[in-house]
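*Asks:* If you want the numbering used here, it's the position in the sequence shown, counting the first as 1, plus 240.
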Amino acid sequence: MASPGCPRAAQRVHRVVAGTRSGLRGWSPCVNGSQRALLTRLSAVRQRYSPGVRALVIEHDEHGPAESVGYHLEERGFELEVFLVLEDPDDPVSHKPFPDATGYDALVVTGSPWSLADPDPIGSWIHREVDMVRAAHDAGTPVLGMCFGGQVISQALGGSITRIDRPEFGWCQIEPIDGSPLPAGPWFQWHFDVFTVPDGAVELARNDSGPQAFRIGRSLGTQFHPEVTPRLISNWLDYGTGELAANGVSPQAMLAETVERADAARSRAADLVDWFLTEVAQL
Numbered sequence: 241m242a243s244p245g246c247p248r249a250a251q252r253v254h255r256v257v258a259g260t261r262s263g264l265r266g267w268s269p270c271v272n273g274s275q276r277a278l279l280t281r282l283s284a285v286r287q288r289y290s291p292g293v294r295a296l297v298i299e300h301d302e303h304g305p306a307e308s309v310g311y312h313l314e315e316r317g318f319e320l321e322v323f324l325v326l327e328d329p330d331d332p333v334s335h336k337p338f339p340d341a342t343g344y345d346a347l348v349v350t351g352s353p354w355s356l357a358d359p360d361p362i363g364s365w366i367h368r369e370v371d372m373v374r375a376a377h378d379a380g381t382p383v384l385g386m387c388f389g390g391q392v393i394s395q396a397l398g399g400s401i402t403r404i405d406r407p408e409f410g411w412c413q414i415e416p417i418d419g420s421p422l423p424a425g426p427w428f429q430w431h432f433d434v435f436t437v438p439d440g441a442v443e444l445a446r447n448d449s450g451p452q453a454f455r456i457g458r459s460l461g462t463q464f465h466p467e468v469t470p471r472l473i474s475n476w477l478d479y480g481t482g483e484l485a486a487n488g489v490s491p492q493a494m495l496a497e498t499v500e501r502a503d504a505a506r507s508r509a510a511d512l513v514d515w516f517l518t519e520v521a522q523l
């Protein structure tokens, strides 16, 4: 598929406090021979975490769950508690109070179709979310932000978000910076904006669009989507493909490639979660 800057072109986390949800629902991994060793490794990792460890997941609408990242956190013993920002994905207004993330063992912020480079439509809540992420980071709560979530971390810690000339769609390579543990991928991308690396952060990877990952203290931001699964991409495509058509991207090719890459992508997501928990979060 013709994705700008890219190579060729099922699960659910849900319900905490008022307006939140907990637990993984609706995704059963198909365990084949190549995955048994991975699941055995995940089981060994999971034993390091005591019962009762909790992660707060900020989900911006029903189309943006933590998917495989959420699944891997649960594999490691985390209880996921999800705060849904928007009840209607087409209505960007929300006056819900955000939970206090400092009471959790980790905070995960997922993607969103809305833009931090054009914050006016989401002005009813985005500044409160940025403040929440900043407070969590300052309190030492580990934060993992993916795509829009990575942009929230950047802005919360002094970075900025800008529009890019050519949006990225599909499976794209990234360039790890010297010493970075992140593999080149490919990782899934769907974004029109890009973050800057905040002062004091370590840039971990980039590509022609700009920075792709950074680490600062116990927080990790990625521009790519490590959480994607075929079901998640299918849901996104069901919601709308106008953005893809406008950029010459085939939805069918995107989904087919996601299915083809699903096992490898799940393994990379597991490794990223492991590294985040042990090296960044230091849990």
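Glycine included, each C-beta is placed from N, C-alpha and C at the ideal position.
#1: Tell me where the alpha helix (DSSP H) around V499 begins and ends.
#2: In three-state DSSP terms, what is N475?
#3: Does the distance from the C-beta atom of A346 to that of P382 stay below 8 Å?
#4: Is the number of C-beta pairs between the segment 436 to 450 and the segment 364 to 378 that are closer than 8 Å three or more?
#5: Flag this pair as touching only if the segment 469 to 482 and the segment 494 to 514 have three or more C-beta atom pairs under 8 Å; answer yes or no.
#6: According to DSSP, what are the bridge partners of N447?
#7: From the DSSP output, in three-state form, read off F464 for me.
#8: Would you tell me roughly how many angstroms separate the C-alpha atoms of D358 and L460, rounded to the nearest one?
#9: Three-state secondary structure (DSSP) at T402?
#10: Leaving out five residues on either side along the sequence, give the residues of the same chain with a beta carbon under 7 Å from the beta carbon of F516.
#11: My guess is that A379 and T342 are in contact by the Cβ rule of under 8 Å, so how many angstroms apart are they, rounded?
#12: Grab me the residues of L512's own chain with a C-beta within less than 6 Å of its C-beta, minus the 5 sequence neighbours each way, in chain order.
#13: Just to confirm the assignment, what range does the beta strand (DSSP E) spanning G389 have?
#14: Suppose only complete runs of 4+ residues qualify. What are the alpha helix (DSSP H) ranges in the segment 320 to 379, listed by chain order?
#15: Cβ atoms of F464 and F428: under 8 Å apart, would you say?
#16: For V349, collect the residues of the same chain with a Cβ closer than 6 Å to its Cβ; drop the 5 residues on either side in sequence, then sort them by chain order.
#17: Taking only the alpha-carbon atoms, compute the straight-line gap between R506 and M372 and give it to the nearest angstrom.
#18: Per DSSP, what kind of secondary structure is G482 in: helix, strand or coil?
#19: Assuming P332 contacts W354 under a Cβ cut-off of 8 Å, what Cβ separation, rounded to an integer in Å, is found between them?
#20: In this structure, how does DSSP classify F318 when only helix, strand and coil are distinguished?
#21: Pull up the distance between the alpha-carbon of I362 and that of E497, whole angstroms please.
#22: Once the 5 residues before and after Y479 are set aside, which same chain residues still bring their CB inside 6 Å of it?
*Replies:* By the coordinates alone:
#1: Mapped onto the sequence shown, residue 499 falls at position 259. From DSSP, the alpha helix (DSSP H) with V499 extends over P491 to E500.
#2: Within the sequence shown, numbered from 1, the residue matching residue 475 stands at position 235. Of the three classes helix, strand and coil, the one that applies to N475 here is helix, per DSSP.
#3: Residue numbering aside, residue 346 sits at position 106 when the sequence shown is read from its first letter. Residue numbering aside, residue 382 sits at position 142 when the sequence shown is read from its first letter. Against a cut-off of 8 Å, the Cβ pair of P382 and A346 comes out as a contact.
#4: no
#5: yes
#6: If you number the sequence shown from 1, residue 447 lands on position 207. Looking at the DSSP assignment, N447 forms a beta bridge with G450.
#7: The residue given as residue 464 occupies position 224 in the sequence shown. Coil at F464, not helix or strand.
#8: Here residue 358 refers to the residue found at position 118 of the sequence shown. Here residue 460 refers to the residue found at position 220 of the sequence shown. For D358 and L460, the distance between alpha carbons rounds to 23 Å.
#9: For this step, residue 402 is matched to residue 162 along the sequence shown. Strand at T402.
#10: Reading the sequence shown from its first residue, position 276 is the one you call residue 516. Excluding residues within five positions, the ones whose Cβ falls inside 7 Å are L384 and L460.
#11: Position 139 of the sequence shown, counting from 1, holds the residue named residue 379. Position 102 of the sequence shown, counting from 1, holds the residue named residue 342. Their Cβ separation, rounded to whole angstroms, is 4 Å, which keeps A379 and T342 in contact under 8 Å.
#12: To locate residue 512, count along the sequence shown from 1; it is residue 272. In chain order, P466 place their CB closer than 6 Å to the CB of L512, counting only its own chain and leaving out the 5 sequence neighbours on each side.
#13: As a first step, residue 389 must be located in the sequence shown, where it is residue number 149. Careful: G389 lies outside any beta strand (DSSP E), inside the alpha helix (DSSP H) at F388 to A396.
#14: 366 to 378
#15: Within the sequence shown, residue 428 is the residue found at index 188, counting from 1. Within the sequence shown, residue 464 is the residue found at index 224, counting from 1. Closer than 8 Å, so yes.
#16: Indexing the sequence shown from 1 puts residue 349 at position 109. I298, G385, G389 and V392.
#17: Your numbering for residue 506 matches position 266 in the sequence shown. Your numbering for residue 372 matches position 132 in the sequence shown. One C-alpha to the other measures close to 29 Å.
#18: The count along the sequence shown starts at 1 and reaches residue 482 at position 242. Helix.
#19: As a first step, residue 332 must be located in the sequence shown, where it is residue number 92. As a first step, residue 354 must be located in the sequence shown, where it is residue number 114. Yes, they are in contact, since the Cβ atoms of P332 and W354 sit about 6 Å apart, within 8 Å.
#20: As a first step, residue 318 must be located in the sequence shown, where it is residue number 78. It is coil, neither helix nor strand.
#21: The residue labelled residue 362 in the question sits at position 122 within the sequence shown. The residue labelled residue 497 in the question sits at position 257 within the sequence shown. Taking the straight line joining both Cα atoms gives about 32 Å.
#22: As a position in the sequence shown, residue 479 is number 239, starting the count at 1. The residues are H303.
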